[in-house]
């Protein structure tokens, strides 16, 4: 009889909402499962039964009377929305941002997963919690990754040392103080005066307070001079009426050899500065006046000794066996805008070429000589002859090697060699590159995580343990690195949390419970109606 339809409809409702509770229960059970994607269920009406035509005219409201036969599960679909990032601090815990899946190999089949709670096993393979290998691309010996091909299992050999690298480039940068070396300066022990005031260059010699008897034409003022190299010479000024101190200075300076020294008048005192940087024997031992006149010329004393100073820089360079050698570079200011460099090793290694040379600067403190020189040395101990470049400044970073008046800041900023190293840790960056951290302070790219994207995520088949299989409904699968897939990045030290919304699940649970109860009432009511129909026989 027709009540059977309502019984069946009620049963289909019970089954449908039981399935919905199964989905809700599974979502809530996985509320703390890394990378879990919640599911939702949708229903569809079952077929309808025609109960007969209702008239045949064109004006009838409907062609037939239909009654539904219940409900069925239409689909159970997954929500692939991004889950919240949960910081764990573990290097091998990885979380994906954006669309993408880690590639996991299980039994020779590449599967997909959003759960990134990985570890290295005893053989050095990166595996998931079920022991399946995580796939990626292995770097060559130079740390280069060739992506886009067939991924391989990510494996790190923790016992394999990082080979040493010979130093190829040492970079210097900073400023050489233009006043590092000093000129010798002689200064009169007292100054010339006129009526108690300091004399200037325009002061007549016969007006000086120190002139005891006026000079006449032909009188001579003679300076007994010791030159920078120790040679003795006499420089004479022959007096002419009206001569000033500037005239005497001009005679003295013109009598000196070229680039030897210069005498000036400063606040009435005669000052002579050597043109030669560093040690000098420059001196004025006596000043004599011959002729009629007499002048009390003050004696000269040393106000500044000449000194040749050096800016020393040091670094450690490495030969091809990874042995360290202490390099010392000395820059000595030998003249204005000119420096000589000398290289040596602390342990006396032989430098066969490039040991010394000259660096020059212009008047603006910019280098005018070559900015690179090459050193070749014999490291010994079984290592081969080693040569490396020394760069004065770095064009790539914009750092310069200059000579200005100011603090000496020139130093070795970098050298690119290192000794061999043992692997002590690994780190994974946002592109999924697995970098080995070695005890020599260096790092090297060892591998890179493979990331997959599919055309239709809803077409993925869930097979348990957070793994998905790409079915034909998922469309084409693209496997590459995170950096080559749009909108995808990897967060190291984090896990993607479940995207289950508990508030929504509890709300769905309430509605499902009420719907289940209602369908049960349909069954019990239909049963009571059947009972009444059966009782009509009595």
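Numbering (our numbering), first residue to last: 16 to 553. Quick reminder that beta carbons are idealized off the backbone N, C-alpha and C, glycines included.
N-terminal and C-terminal residue of the beta strand (DSSP E) that residue i is part of
{"i": "residue 56", "result": "54-60"}
{"i": "residue 461", "result": "458-464"}
{"i": "residue 199", "result": "198-203"}
{"i": "residue 494", "result": "492-495"}
{"i": "residue 440", "result": "438-443"}
{"i": "residue 368", "result": "365-368"}
{"i": "residue 270", "result": "That residue, residue 270, is in no beta strand (DSSP E); its alpha helix (DSSP H) goes 260-270."}
{"i": "residue 149", "result": "148-153"}
{"i": "residue 355", "result": "353-360"}
Extent of the continuous alpha helix (DSSP H) run through residue i
{"i": "residue 398", "result": "Segment: none, residue 398 is in no alpha helix (DSSP H) and carries neither H nor E."}
{"i": "residue 175", "result": "Careful: residue 175 lies outside any alpha helix (DSSP H) and carries neither H nor E."}
{"i": "residue 29", "result": "18-44"}
{"i": "residue 521", "result": "517-550"}
{"i": "residue 475", "result": "No alpha helix (DSSP H) holds residue 475; the beta strand (DSSP E) holding it covers 475-479."}
C-beta atoms of residue i and residue j nearer than 9 Å
{"i": "residue 236", "j": "residue 279", "result": "no"}
{"i": "residue 310", "j": "residue 219", "result": "no"}
{"i": "residue 192", "j": "residue 422", "result": "yes"}
{"i": "residue 391", "j": "residue 383", "result": "no"}
{"i": "residue 100", "j": "residue 511", "result": "yes"}
{"i": "residue 292", "j": "residue 271", "result": "no"}
{"i": "residue 462", "j": "residue 169", "result": "yes"}
{"i": "residue 120", "j": "residue 148", "result": "yes"}
{"i": "residue 180", "j": "residue 409", "result": "no"}
{"i": "residue 185", "j": "residue 341", "result": "no"}
{"i": "residue 344", "j": "residue 362", "result": "no"}
{"i": "residue 514", "j": "residue 94", "result": "yes"}
{"i": "residue 433", "j": "residue 316", "result": "no"}
Cβ distance (whole Å) where residue i is taken to contact residue j below 8 Å
{"i": "residue 509", "j": "residue 443", "result": "Actually they do not touch by this definition, with Cβ atoms about 11 Å apart."}
{"i": "residue 428", "j": "residue 188", "result": "5 Å"}
{"i": "residue 438", "j": "residue 133", "result": "Wrong, their Cβ atoms sit about 17 Å apart, outside the cutoff."}
{"i": "residue 178", "j": "residue 435", "result": "6 Å"}
{"i": "residue 418", "j": "residue 380", "result": "5 Å"}
{"i": "residue 488", "j": "residue 471", "result": "6 Å"}
{"i": "residue 88", "j": "residue 34", "result": "5 Å"}
{"i": "residue 282", "j": "residue 216", "result": "The pair is not a contact, with the Cβ atoms about 12 Å apart (cut-off 8 Å)."}
{"i": "residue 411", "j": "residue 39", "result": "So it is not a contact: roughly 59 Å between Cβ atoms."}
{"i": "residue 395", "j": "residue 335", "result": "Contact doesn't hold; Cβ gap of about 12 Å is too wide."}
With 16 other Cβ atoms within 10 Å as the buried cut-off, status of residue i
{"i": "residue 175", "result": "exposed"}
{"i": "residue 371", "result": "exposed"}
{"i": "residue 245", "result": "exposed"}
{"i": "residue 19", "result": "exposed"}
{"i": "residue 90", "result": "exposed"}
{"i": "residue 144", "result": "exposed"}
{"i": "residue 182", "result": "buried"}
{"i": "residue 385", "result": "exposed"}
{"i": "residue 378", "result": "exposed"}
{"i": "residue 227", "result": "exposed"}
{"i": "residue 275", "result": "buried"}
{"i": "residue 163", "result": "exposed"}
{"i": "residue 82", "result": "exposed"}
{"i": "residue 51", "result": "buried"}
{"i": "residue 25", "result": "buried"}
{"i": "residue 131", "result": "buried"}
{"i": "residue 137", "result": "exposed"}
{"i": "residue 42", "result": "buried"}
{"i": "residue 401", "result": "buried"}
Neighbourhood of residue i by C-beta, 7 Å cutoff - its chain only, sequence neighbours within 5 removed
{"i": "residue 135", "result": "107, 141 and 171"}
{"i": "residue 253", "result": "233 and 235"}
{"i": "residue 45", "result": "51, 513 and 515"}
{"i": "residue 300", "result": "239 and 241"}
{"i": "residue 414", "result": "188, 408 and 428"}
{"i": "residue 259", "result": "216, 217, 218, 219 and 220"}
Proximal residues to residue i (C-beta, below 8 Å), its chain only, five neighbours per side dropped
{"i": "residue 503", "result": "111, 112, 113, 114, 115, 466, 468 and 497"}
{"i": "residue 483", "result": "116, 126, 127, 128, 475, 476 and 477"}
{"i": "residue 543", "result": "none"}
{"i": "residue 319", "result": "197, 198, 199 and 200"}
{"i": "residue 104", "result": "508"}
{"i": "residue 364", "result": "340, 392, 393, 394 and 395"}
Spatial neighbours of residue i in its chain, beta-carbon cut-off 6 Å, leaving aside the 5 residues before and after
{"i": "residue 445", "result": "504 and 505"}
{"i": "residue 424", "result": "189 and 190"}
{"i": "residue 16", "result": "Only weak support is given to the placement of residue 16: the predicted model assigns it a pLDDT of 49, under 50, and the value that follows is read from those uncertain coordinates. Nothing meets the Cβ criterion."}
{"i": "residue 231", "result": "307"}
{"i": "residue 464", "result": "151 and 447"}
{"i": "residue 530", "result": "32"}
{"i": "residue 479", "result": "none"}
{"i": "residue 313", "result": "203, 204 and 205"}
{"i": "residue 294", "result": "321"}
{"i": "residue 359", "result": "343"}
Proximity test, residue i beta-carbon vs the ligand ADP heavy atom, cut-off 8 Å
{"i": "residue 31", "result": "For the structure depicted, the ligand ADP is absent and the ligand set is empty, with no information on it obtainable."}
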